Structures are given as structure tokens and as C-alpha cells.
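One structure is given below, encoded as C-alpha cells.
2 protein chains.
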Amino acid sequence: MTINLKNLLNPKIKISKMGDFQELKQINGLSISSVSADLYGDGRDDLTLFYFEDGAKYAAIYTKSKIVSDSITWNRKIKNKFIKALVVNTKNANTFVGKQGLNSLRELSKSLSKQLTLKLAQAPGGASEVVGPNEVIFASTGVIGEEFPLQKIKTTIPHLVDQLRNNQNKFIWFKTATAIMTTDTKPKLAYEECEIGNKKIRISAIAKGSGMIAPNMGTMLAFIFTDANIPSVILKALLSRNISTTFNAITVDGDTSTNDMVGIFSTSSVKNAKIYNVLDPKLKNFEKSLHNVMLNLSKQIIVDGEGAKKFITVNIFKAKSTQGAKKIAFSIANSPLIKTAVAGEDPNWGRIVMAIGKSEEYIDINKLKISLGNFTIVENGELAKNYDENLVKEYMKWDSISINIELNIGKSDFTVYTCDFTKDYIDINTDYRN
Amino acid sequence: MTINLKNLLNPKIKISKMGDFQELKQINGLSISSVSADLYGDGRDDLTLFYFEDGAKYAAIYTKSKIVSDSITWNRKIKNKFIKALVVNTKNANTFVGKQGLNSLRELSKSLSKQLTLKLAQAPGGASEVVGPNEVIFASTGVIGEEFPLQKIKTTIPHLVDQLRNNQNKFIWFKTATAIMTTDTKPKLAYEECEIGNKKIRISAIAKGSGMIAPNMGTMLAFIFTDANIPSVILKALLSRNISTTFNAITVDGDTSTNDMVGIFSTSSVKNAKIYNVLDPKLKNFEKSLHNVMLNLSKQIIVDGEGAKKFITVNIFKAKSTQGAKKIAFSIANSPLIKTAVAGEDPNWGRIVMAIGKSEEYIDINKLKISLGNFTIVENGELAKNYDENLVKEYMKWDSISINIELNIGKSDFTVYTCDFTKDYIDINTDYRN
Chain A
1 MTINLKNLLN PKIKISKMGD FQELKQINGL SISSVSADLY GDGRDDLTLF
51 YFEDGAKYAA IYTKSKIVSD SITWNRKIKN KFIKALVVNT KNANTFVGKQ
101 GLNSLRELSK SLSKQLTLKL AQAPGGASEV VGPNEVIFAS TGVIGEEFPL
151 QKIKTTIPHL VDQLRNNQNK FIWFKTATAI MTTDTKPKLA YEECEIGNKK
201 IRISAIAKGS GMIAPNMGTM LAFIFTDANI PSVILKALLS RNISTTFNAI
251 TVDGDTSTND MVGIFSTSSV KNAKIYNVLD PKLKNFEKSL HNVMLNLSKQ
301 IIVDGEGAKK FITVNIFKAK STQGAKKIAF SIANSPLIKT AVAGEDPNWG
351 RIVMAIGKSE EYIDINKLKI SLGNFTIVEN GELAKNYDEN LVKEYMKWDS
401 ISINIELNIG KSDFTVYTCD FTKDYIDINT DYRN
Chain B
1001 MTINLKNLLN PKIKISKMGD FQELKQINGL SISSVSADLY GDGRDDLTLF
1051 YFEDGAKYAA IYTKSKIVSD SITWNRKIKN KFIKALVVNT KNANTFVGKQ
1101 GLNSLRELSK SLSKQLTLKL AQAPGGASEV VGPNEVIFAS TGVIGEEFPL
1151 QKIKTTIPHL VDQLRNNQNK FIWFKTATAI MTTDTKPKLA YEECEIGNKK
1201 IRISAIAKGS GMIAPNMGTM LAFIFTDANI PSVILKALLS RNISTTFNAI
1251 TVDGDTSTND MVGIFSTSSV KNAKIYNVLD PKLKNFEKSL HNVMLNLSKQ
1301 IIVDGEGAKK FITVNIFKAK STQGAKKIAF SIANSPLIKT AVAGEDPNWG
1351 RIVMAIGKSE EYIDINKLKI SLGNFTIVEN GELAKNYDEN LVKEYMKWDS
1401 ISINIELNIG KSDFTVYTCD FTKDYIDINT DYRN
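Chains A and B supply the protein sequences, listed in that same order.
Heads up: the first sequence at position 278 corresponds to 278 in the working numbering, and the numbers run straight through without jumps.
For any residue, its number in the working numbering is found by taking its place in the second sequence, counting from 1, and adding 1000.
Right, dumping it as C-alpha cells:
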């Protein structure tokens, strides 16, 4: 995306530090290693290991697709609420590969367990605890239906384990976020600090995904690491509660990958007050930071949609229900005709009316208000009295456009983020794989 | 669309007479007039009157959009199962124009009633019956939110009525089908003959619509005329029963117009045996012909999608339910990533797997079979043994591509028709209105 984030004129949009990369900080209890298993054949990093010395409480939410990667199937079978390692490979989705998929993961988890034990035994003070194969989870992103590169990955595991470092500065995080990319044009990083009780908590998070390029490669992966001590069941509740307004509130082309995964991992290296309940007021500050991190990464994924030139925020206000607001928001955000109009900098509000109507949600036309940015277009069922198309045409030249719909029939709001639909999208997607 | 229909290699696709226009024949009891009310400013025909001398039994199905044209609102208020006239205007959608919309139709229906009575009184033998304002229905297609051109249309009504002719040959039908076009590149015509009892029945039908260009102008209108004598309630049942596999089985970009309408009108000039029941076996032959006409027009609408270069048939076989088959079919047919892959002549079956998965319908991967044309790609959860990408790449160069999904978990089939997604689509839609 060629948006100059620093020049974003719409004050409502705040993406990371306006286009700069945030500096992520160390999460104690976490070690990371990113190396090349030569999966792309060009030597770039493609295999990453996240290792939790004392284990991690964790929660994950996976794609709703009914056809999923074997890596997700593996993770779903792991019933532990406590894991020791997360392995991420790119280039290959480990999807639709027959029995080879799960067999490969079984072999890799054993191999990793063995190598980690070897490495730990050599460390000063030694560590007796073995990482069990069922304490390893996986994430894969890449092409569907190509043989999983078991041998290449397996032979790289000793090197992968050898490269583990238990401290991360901003450069390590940048390298890690880059190592999980496929067709992304830049890494996605987000960082927040907060407090639980009187303890300072860090959240370092990375993501990948640029849906427009290809769903095969367009998998959305997000990994959130915190040094807080929060039980897995509460992590799951927090993730579920915040995903609908963040990762599930973005759309690029309405397509869904077989491999999507959002995971949160808590090393518990900070000895904060115990949390027994998701409603605990001590969590309030943490949840706000978690939400910020998730929203920040979500917006970065939209901004990185190849072919996209404009960021679009679709705000629905005063709907009868959140579900209804969401349906209308996605009807607008997924409409190719609206996305091409935005690309053409055309304030074609007739298409917005069309998209509201086709959502099949109840609308009172006489109460409906449609604005682009601060410009009211439609009010009381007709064109606004002071509507000046020339002013709105100027607004449509901005990098970031907001489409605001006030339904005035209830109290529910919902916001969805998307990007425009350009010729580059077609170029990239018709030529992909050639 | 640049498809040469005569060269369509896929025998499954039969569009009209392979690209030639069908010759439509006279429907006794129907008079037609198409003139210019100068709505476009270039003198082309833009206003059409269908007049039924002895009235017509009729049924109509309208858009599911929650925001609809005032012309549809008007029609829905008419409770008669019997009408005398249908007026169709292009250029203006009569949507989102405030009170002006219904007020205009009230005025036009009165004016038309008056003019028709005048004309009929002058005819030899005279006609005493007046066309009541509530015996007139309307269809509008064009830009949303622009003032309805009441004056231009009203002053044209005397001329419109004056031009009425009660016989139609193929040239008149071609002119009429052309007069209801907006951004269509060619008229859409379909004709069938059949029998009810021992009486020969004609069905002459026209349509407009090319969804990709713009939903504002992309309204789908279809008008089916028959000389059969069939009660309105049975016409409605027949229309409902056949629309799901025809007009509701096509998709261009998933967007829905505020003005869509499919209507069927029976003049009853043929005195066929009375039909009391939709299950009457005498209707079988008629229903088959009606279905052919509807499917034929539907395919013509897809073929006329500007920017589209390829016709795509998505066949789902052996699903658990028709509803499930339909959901998977539309998930594939509406996926921009599949439509761009077809435009790029790329047998990217990973995207098909993605689209099946995201439908959220139950799938048994081990039973799933995916073919492109006659080429099996995926079988038993993995790439087919004899899969040869080079052969399939050759197939992808055809004008008409079929995507065939065998689920093998039930007995329900469903077919959806669509077209590919090209750079021309983006060109047309970003530049529209400029």
C-alpha cells in the first residue's frame, strides 16, 4: 500500500505510530529463533520457534473455515492449557496434503522435543524437564495442496534450536515478524504496556497477512506474547471478547483462509495478583491494552493489502442490534462496487444505499443519515440540502476515507475496516502462481 | 463480453441460439410502444409502454433489498391480480428521491389512464373501458438519488400512447428489449413455444441487466409475456419455483440492486383448458418452457457483464441439502480470488478449496472431488493421481469454464452461473459517473 501513514488526514485513523514501526520489548520467559529452512529457495527466514522456558498459558482462535490446515487440526487435538513451544513455517499451508500433514507434525514435534532436551541439558545448571511432543503447537502459512516440506524442516531443527535467544530487542522482534511473512510487504508489530495491580505488564505482538494477494498465502496469523500471569481460560475469554471488533472486523476481499490463527501466550514471568475471574477489575487496564494491540495489528494487515491505495473505515451508528450493524458494515465493506468507487475517488453514494439495502436489515429511510467523512450526503430519505459534490470529491482524494451510516433506530454501533479495490489487485491475482 | 458464443466449447452451456438473437413472436392481447422521452439527452428510446387490451393476469418478484425504488413500492400497493399497463423507464431509478417518487407515479398513472382512454375511444368500434390508475404498474432502472424526470416523461405520454402497436414481429421485440437497456451492450431476448392441453402457447420474454457495470444502472429487469390463460396465483407459484435456479442462481459481483423485478404477464388470448392447481399435469410442458426462458435470459445477463471474458458454471453435486449446495456454490461464484484466477486462466484449485471451506458448510474432505471441466483435480482429500496441470491450463483458456464439486455426502445438487473478474471491471467501475 502506498498510503503515507504520516500524512493521514483523518484523525480517526491511528495506525501504529503513524507508519513507523513500534519498538517491541522483551518478554521474559520467551526465547525466539528464526532461521531459513530454504523453503522458498532464496535463503530468507521461513521457520520460527517460540520457546517458553517455563511454559506458557495460552489460548487460540482459529479460522471458521470447514477445511483447515493439518497444523490447526494438530493444535485442536492438544488438550493442554499449557504449552512449551510454537513452531511457525511459511511457504507451505500444510493443507490438503492427505495423511502426510499430521504425520509430519508428529515427526517434527518428536524431533523438536529431542533437540530442545539436548540443548537444555547443555545449558548451565541443566534442565531436566523434557518438552513433550504434545506441548508443541504449530502454525503454517503458504500454498495449499503442495507436499509439506518435512525433510527440509526436520533437518533444520537442530540449527533452529541452536539459534534460540532468550532476550529480544526491537531488532529481534523485527526479524521475527519478518520471518513469518509470505506476500506481506512489511512486518506487522504492536506493543503496549499496562498494569495489573501494581505490576507493570508488557504485551509484544506480531502478525502477518495481506488478504488481497492470495488466500493461499494470505493467511492471517497473529501471535501475542505477554509476561503477565493469566490463566488460559481467562486468556481465551479476553481473546474472544476482543476479536470481533479487531481481527474479525477487517475484510479485504471477503475471502477466508484455511489457516487463520490468533494466539495469546502468557509466560507468567511477572508475578501479578492472581486473576480468578474475567470480570476482575484488575484486568481492565490489561484488556484495553490487549484490544489496542489487536486493533493495531488488524489495521496494519488492511494497510498492507497489495493493490490497495486507500484505507476505508465503515462506521455504523444507532442500529437496532450489534449483529445488524455488523451485517450492514460488512455489506458495505465487501461490496466490490463501493471499493472500486473509492479507488476511483468517486463519492458514489448510490452504491452505499445499494449495499445498505442488500444487507436485508431493517432500515427506516426517513431516519437514515449517510456521511463521507464529515460531509453529510443523505438525510431524511433524500439528498442533504447543503450537499456539495465538489467538496466531497476533494475529500475522496484522501488516503483514508470514512463511510458513516447513522440508522437512528437503536443504540448499537459497529465499525469495520477495509481497503479499496484497484487494478493492481486484479493484476496481482490473475498473475499469481505464474 | 467478448466471448464468441458460437465457439463455446463446453457443451453444457447453451446460451440462446449460441449467440444469435432469438426471434420473438407476437403475443395476442399485448400492444407495445417504445419512444424517447429524451432522458439521456441523446434521443435513444428510454420509455416503454406494455398495454394489455383485455388486461393481463400477472405476478412479479422484486428485489430483496430493504431499500427499494418507489416504482416497486407503488406496484406492491396495487392489490389487483389483473393489470392493464406496465410502464418502464430507464436512466432514473426513482429511488431515494423523497416524496417526489410516489407523487410522480400517481400523476403519471392518471395521465396514462386519460391518454389511453382517449386513444381507445378513437379506435374503430370504440372501447368504453377506462384504464384505471391502479391498473398501471411501473419499472424503473437508472441512477439512484437523482430527481425523477416527471415532466419529461409526462409530456411524452401522448406520443407513447400514440405509438402503440398491437402486433410484434422480431424487429419490434428487438427494439423493445433495446429500449429497456441501460449500460447493457446488447438486448436480451428469449422465446419458447409449448402446449397446454392441445393449445399452442407462446412465451416471449425480454430482460436487461449487466451487474458488473454498476448496481445503480445494473438493475435486473425481466418481463415475460405469454398468451396462455393462467391465473395470477399460479403464475406467482411458477415464478417462485423457477426463480431460484435461474435469476437467483446468477451472480456477477454479489451486489443487489434496489430496483430488480421479474414479472410474468398472461393475456389469456389462447383459450386453453382452465388451470386450477399448480400441480396440474397440463402445466408441465409450460413450466419447462418458462424455466428455459428464464435460464436463457439469466445466462445472457451474465454474458453481458462488462469486463467479463469468461462464463463460469459452478456445479455442486451430492450435497446434504439444496441450501448447503447453494451456499457453497455462491461462496465459489462470489469469490474475487476465484474470479481473478479464472481471468488469469490459472487452475488455482487452492482458492476453490478456500471458498468451499469458508462457506462453513459441513464437508468430508475424504469424499470431496473437485474437477475443472472433465479434469479431476482433487479426490479423496489430496491431489488426483493423474492430475496434469498442463492439460488443465489448456482447458482454462476456453471461453466457458465449469467448476464441479462433488461432495458425496447427500443427494442435493445446485448450479450457479457467473463470470470472471477482469481489469476492465475495475476500469469501468472506478471511472463510472465521470
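C-beta: ideal position from N, C-alpha, C; glycine also.
Note that the structure is a prediction, hence the values are computed from the model and not measured.
Under 9 Å from the C-beta of residue i: neighbouring residues of chain B
i, result
"K423/A", "K1423, I1426, D1427 and T1430"
8 Å contact criterion, which residue i and residue j should meet: CB distance rounded
i, j, result
"L1039/B", "N1092/B", "7 Å"
"I1328/B", "E1361/B", "5 Å"
"A179/A", "S34/A", "4 Å"
"V252/A", "V314/A", "That belief does not hold up - the Cβ atoms of V252/A and V314/A are roughly 13 Å apart, past 8 Å."
"V1088/B", "L1112/B", "Not really, about 12 Å apart at Cβ, beyond 8 Å."
"P1336/B", "P336/A", "7 Å"
"I250/A", "I203/A", "In fact, because the Cβ distance is near 19 Å, the residues do not count as touching under 8 Å."
"L108/A", "K154/A", "6 Å"
"N1242/B", "H1291/B", "5 Å"
"K188/A", "A177/A", "6 Å"
"E1193/B", "K1200/B", "6 Å"
Minimum Cβ-Cβ distance from residue i to chain B less than 7 Å
i, result
"L383/A", "yes"
"I243/A", "no"
"T219/A", "no"
"T340/A", "yes"
"G350/A", "yes"
Per-residue contacts from residue i into chain B (C-beta, under 7 Å)
i, result
"W74/A", "Here the premise fails: no neighbours, minimum Cβ distance about 15 Å."
"V97/A", "E1382"
"P133/A", "Here the premise fails: no neighbours, minimum Cβ distance about 24 Å."
Residue i at chain A interface by Cβ criterion, 7 Å
i, result
"I1363/B", "yes"
"G1101/B", "no"
"G1357/B", "yes"
"I1003/B", "Note that I1003/B scores 43 on pLDDT, short of 50, meaning its location in the model is unreliable; the coordinates nonetheless yield the value given after this. Output row for I1003/B: interface = no."
"N1010/B", "Reliability of the predicted coordinates at N1010/B is poor, the pLDDT of 37 falling under 50, and the value obtained from them is presented with this limitation in mind. By this cut-off, N1010/B is not an interface position."
Interface partners of residue i on chain B, CB under 8 Å
i, result
"E360/A", "K1064, S1065 and K1066"
"A329/A", "Correct list: empty, because the minimum Cβ distance to chain B is about 15 Å."
"P158/A", "Within 8 Å Cβ-Cβ: nothing; P158/A doesn't reach chain B, min ~30 Å."
Other residues of its chain near residue i: CB distance less than 7 Å, five sequence neighbours each side excluded
i, result
"Y485/A", "Coverage of chain A is limited to positions 1 through 434, which leaves residue 485/A absent and any answer about it impossible."
"Q100/A", "E147 and F148"
"K1186/B", "D1304"
"N348/A", "A341"
"S359/A", "K327, I328 and S331"
"L1297/B", "K1188, A1190, A1205, A1207 and A1222"
"E195/A", "I201 and N285"
Residues near residue i in its chain [Cβ-Cβ closer than 8 Å; skip 5 each side]
i, result
"S144/A", "Reading off the sequence, residue 144/A comes out as Ile, not Ser. Answer for I144/A: A93, T95, F96, N216 and T258, listed in chain order."
"L1383/B", "I1377"
"L164/A", "S31, I32, S33, L49, Y51 and K119"
Same chain, Cβ closer than 6 Å to residue i, five either side skipped, listed in chain order
i, result
"A59/A", "S232, L235, K236, L239 and I264"
"K1423/B", "none"
"K208/A", "I180, M181, D184 and L221"
"E1345/B", "M1396 and K1397"
"S65/A", "T256 and T258"
"I365/A", "G381"
Interface residues of chain A facing residue i [CB-CB closer than 8 Å]
i, result
"P1149/B", "Per Cβ cutoff of 8 Å: no residues; P1149/B is ~16 Å from chain A at best."
Residue i CB to nearest heavy atom of the ligand ATP below 6 Å
i, result
"N1134/B", "Among the ligands in the structure shown, none appear at all, so the ligand ATP cannot be discussed."
Contact set between residue i and chain A, taken where Cβ atoms lie within less than 9 Å
i, result
"P1231/B", "Result: empty, since nearest Cβ-Cβ is about 30 Å, beyond 9 Å."
ask   = If you measure beta-carbon to beta-carbon, which residues of the stretch 297-325 of chain A are closer than 7 Å to chain B?
value = none
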